Amino acid sequence: METVAVVLEQPGKLALRTLALQEPGADDIVVDVDWTGVSSGTERLLWSGHMPEFPGMGYPLVPGYETIGTVTHGAAGFSEGDRVFVPGANCYKDVRGLFGGAASRIVVPARRAIPLKNLEGETGILIALAATAYHAIASDGATLPELIVGHGVLGRLLARITLALGGTAPTVWEKAEARRAGAQGYAVLDASADARRDYNTICDASGAGDLLDTLISRLAKGGEITLAGFYEQPLSFTFPPAFMREARLRIAAEFTRDDMAAVIDLVTSGRLSLAGLISNRASATAAPAAYNTAFTDPSCIKMALDWSTLT
Numbered sequence: 006m007e008t009v010a011v012v013l014e015q016p017g018k019l020a021l022r023t024l025a026l027q028e029p030g031a032d033d034i035v036v037d038v039d040w041t042g043v044s045s046g047t048e049r050l051l052w053s054g055h056m057p058e059f060p061g062m063g064y065p066l067v068p069g070y071e072t073i074g075t076v077t078h079g080a081a082g083f084s085e086g087d088r089v090f091v092p093g094a095n096c097y098k099d100v101r102g103l104f105g106g107a108a109s110r111i112v113v114p115a116r117r118a119i120p121l122k123n124l125e126g127e128t129g130i131l132i133a134l135a136a137t138a139y140h141a142i143a144s145d146g147a148t149l150p151e152l153i154v155g156h157g158v159l160g161r162l163l164a165r166i167t168l169a170l171g172g173t174a175p176t177v178w179e180k181a182e183a184r185r186a187g188a189q190g191y192a193v194l195d196a197s198a199d200a201r202r203d204y205n206t207i208c209d210a211s212g213a214g215d216l217l218d219t220l221i222s223r224l225a226k227g228g229e230i231t232l233a234g235f236y237e238q239p240l241s242f243t244f245p246p247a248f249m250r251e252a253r254l255r256i257a258a259e260f261t262r263d264d265m266a267a268v269i270d271l272v273t274s275g276r277l278s279l280a281g282l283i284s285n286r287a288s289a290t291a292a293p294a295a296y297n298t299a300f301t302d303p304s305c306i307k308m309a310l311d312w313s314t315l316t
């Protein structure tokens, strides 16, 4: 089998290529892809060449971990016609699959697919990011945030999930004026307009490695900072202010299947809306330009690629 895929040949060089696919095994499904999302965090680091050392790194590679499509070869509980979310694939004979979902057709172990029975249209690509947000603030040991830093798609999901779970409306910081619009039930402002210095819980979704001292200065005594972004540079902070506040630092790692199930339940029950989070859509045939927009245009909150004409 063959597929058309987005291939990062090297940093800064991206193209559509026809690739040979590995044959499906007994426990694999084949998915014809409808939509994929472009991550302005981890995929931007791959594109720029600034991705820290990561398992499976190397070029050329197929990016993408936000894929929805239709099963055309079923296995292990899936049938032809089932609609699924897939958080990436590693099914290519000649290139790396990191994260491997940005293609017109993929082969993936059935255990990695998530049924999408009640999520229509392209909004299903947001399930991974929503699960990432849920994991950061609602998994075991986590606390709902009073302050969220960054109003990109992850920051918006953090705020929406906080409200969906019954939390107090958080404050959100965003330095880019173009990204301050779109709040639903919470305030978005520049940090300079916020005088508060007693936040008990802060969640950073900006990925900016130079913010720790600023965030520590806004903590209440015993307050906690959760790092929910992905950071390309080593992080550091000045010790005395953190010492005086007995600050706690928490790192949110990869989402789990339980996080995805919880998010799908929030969405299907009507408590969490994914509407209005995809700002840009493009045909997969225009992938190079679409990726450039996703990585360089601050008004692009989330880019979705339409593969329907290629499957």
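Start counting the sequence shown at 6; every next residue gets the next number (the numbering used here).
Just so it is clear, CB atoms sit at the ideal spot from N, CA and C, and this is done for glycine as well.
Keep in mind it's a predicted model, so treat the numbers as computed, not measured.
Output the residue ranges of the beta strand (DSSP E) runs that lie fully inside the segment 191-237 and measure 3 residues or longer, sorted by chain position. Counting whole runs of 3 or more residues, the segment 191-237 contains the beta strand (DSSP E) stretches 192-194, 204-209 and 224-232.
Using the DSSP secondary-structure output, state which residues sit across from S288 in a beta bridge. D311
According to DSSP, residues forming a beta bridge with Y296: In the DSSP output, where bridge partners are listed per residue, Y296 has none listed.
Within the same chain, show all residues whose beta-carbon is closer than 6 Å to that of A196, passing over the 5 residues directly before and after it, in chain order. W178
Quick check on the burial criterion: 16 or more other C-beta atoms within 10 angstroms. Buried or exposed for L240? exposed
Output the boundary residues of the alpha helix (DSSP H) element that contains R116. Per DSSP, R116 lies in no alpha helix (DSSP H) segment and is marked neither H nor E.
DSSP-derived helix/strand/coil call for E127: Of the three classes helix, strand and coil, the one that applies to E127 here is helix, per DSSP.
Residue ranges of each alpha helix (DSSP H) run of no fewer than 4 residues wholly in the segment 261-286, ordered along the chain? 262-273
Within the same chain, show all residues whose beta-carbon is closer than 6 Å to that of G74, passing over the 5 residues directly before and after it, in chain order. Taken in chain order, the residues that qualify are V36, D37, V38 and D39.
Below 8 Å on the Cβ atoms is my guess for I306 versus L282; work out the distance and round it to an integer in Å. 7 Å
Would you call F260 buried or exposed, if buried means 16 or more other Cβ atoms sit within 10 Å of its Cβ? buried
Considering only their Cβ atoms, is the gap separating A143 from I111 smaller than 9 Å? By the CB criterion at 9 Å, I111 and A143 fall outside the cutoff.
Go through its chain and collect everything with a Cβ distance to R22's Cβ below 7 Å, but skip five positions before and after it. A10 and V12
To the nearest angstrom, how far is it from the Cα of L152 to the Cα of I34? The C-alpha of L152 lies about 41 Å from the C-alpha of I34.
Skipping 5 residues on each side, what residues in its chain have a beta carbon closer than 8 Å to that of K180? Contacts found: D195 and A196.
At least three beta-carbon pairs within less than 8 Å, the segment 251-258 to the segment 228-243: yes
Considering only DSSP beta bridges, list what K98 is partnered with. K98 pairs with nothing; no bridge assigned.
Tell me the DSSP secondary structure of T173 in three-state form. In the structure shown, T173 sits in coil (DSSP, three-state: anything other than H, G, I, E or B).
Suppose contacts are defined by Cβ-Cβ distances below 9 Å. Is T148 in contact with E229 by that definition? yes
When the Cα of A295 is compared with those of E7, Q15 and A20, which residue comes out closest? A20
Could you please give the first and the last residue of the uninterrupted beta strand (DSSP E) stretch that includes H156? For H156, there is no enclosing beta strand (DSSP E), since its DSSP letter is neither H nor E.
Please state whether the Cβ-Cβ distance between A80 and A115 is less than 9 Å. yes
CA-to-CA distance, D264 to T290, given in whole angstroms: 33 Å
Hey, could you find the ends of the alpha helix (DSSP H) L50 is sitting in? T47 to S53
What are the boundary residues of the alpha helix (DSSP H) that A138 is part of? I132 to A143
Which residue marks the beginning of the alpha helix (DSSP H) containing F248, and which one marks its end? F248 -> alpha helix (DSSP H) spans F244 to R250.
What do you reckon, are the CB atoms on A138 and L162 nearer than 9 Å? yes
Give the straight-line distance between the Cα atoms of A252 and L224, rounded to the nearest whole angstrom. 7 Å
For Q189, which residues in the same chain have their Cβ closer than 7 Å to its Cβ, ignoring the five residues on either side in sequence? R165
Only counting the same chain, and skipping five residues up and downstream in sequence, which positions put a Cβ closer than 6 Å to that of A135? L162 and V268
Can you tell me the Cβ-Cβ gap for H156 and V193, rounded? I've got them flagged as a contact below 8 Å. About 5 Å; that satisfies the 8 Å criterion.
With a cut-off of 8 Å on the beta carbons, I'd call C96 and P150 a contact; round off their distance for me. No, C96 and P150 are not in contact; Cβ-Cβ is about 37 Å, not under 8 Å.
Shortest alpha-carbon distance to L124 belongs to which of A107, F90, L103 and V113? Checking every option, the nearest Cα to that of L124 belongs to F90.
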